[in-house]
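Numbering (our numbering), first residue to last: 33 to 158.
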């Protein structure tokens, strides 16, 4: 099984020498809990998925979550749902100090953006 895993990272199936690599989780010097999330989607069959993990400042596992969204093939919504589910889990665990990592810059920008302001008055019909 280890050999199969190593072959996944080989650029060529020929006789290249495989090199062992140490892989380490990076907390980027935050001294709080970290939520890592991701969303994915398929066009056929139409469905999306999400998952995430919460770790403490030392990288130790605290909790995880995952799920499918049948009938939806929208990566933006899958990524946003992953963030939403992760924040709900953190709230259930009474975690207040949390940093969230997502690979979707668009989602991060949507969340950080100020709500749109209406600079024109509403007109009500009676």
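Cβ coordinates follow ideal geometry from the N, Cα and C atoms, glycine included.
Only a predicted model underlies this, so the values are computations on that prediction, with no experimental measurement involved.
Proximal residues to residue i (C-beta, below 7 Å), its chain only, five neighbours per side dropped
i           : result
residue 135 : 70
residue 64  : 89, 129, 130, 131
Alpha-carbon to alpha-carbon, residue j and residue i
i           : j           : result
residue 82  : residue 50  : 32 Å
residue 145 : residue 52  : 42 Å
residue 128 : residue 122 : 8 Å
residue 115 : residue 76  : 24 Å
residue 54  : residue 60  : 17 Å
residue 106 : residue 148 : 23 Å
residue 93  : residue 66  : 10 Å
residue 23  : residue 125 : Nothing about residue 23 can be read from this structure; the chain reaches only from 33 to 158.
Reference residue i; option with closest CA among the options
i           : options          : result
residue 137 : 77, 101, 112, 80 : 112
residue 120 : 95, 58, 100, 141 : 95
Test item: CB-CB of residue i and residue j under 7 Å
i           : j          : result
residue 102 : residue 79 : yes
residue 133 : residue 68 : yes
Cβ-based neighbour list, residue i, same chain, cut-off 8 Å, excluding 5 preceding and 5 following
i          : result
residue 98 : 81, 82, 83, 84
residue 72 : 80, 81, 82, 107, 110
residue 74 : 80, 105
Beta-carbon proximity list for residue i, same chain, < 6 Å, skipping 5 on both sides
i           : result
residue 100 : 79, 81
residue 62  : 131
*Report the residue ranges of all beta strand (DSSP E) runs contained in full by the stretch 89-123; include only those spanning at least 3 residues, in chain order.*
Listed in chain order, the complete beta strand (DSSP E) runs (minimum 3 residues) inside the stretch 89-123 are 93-102.
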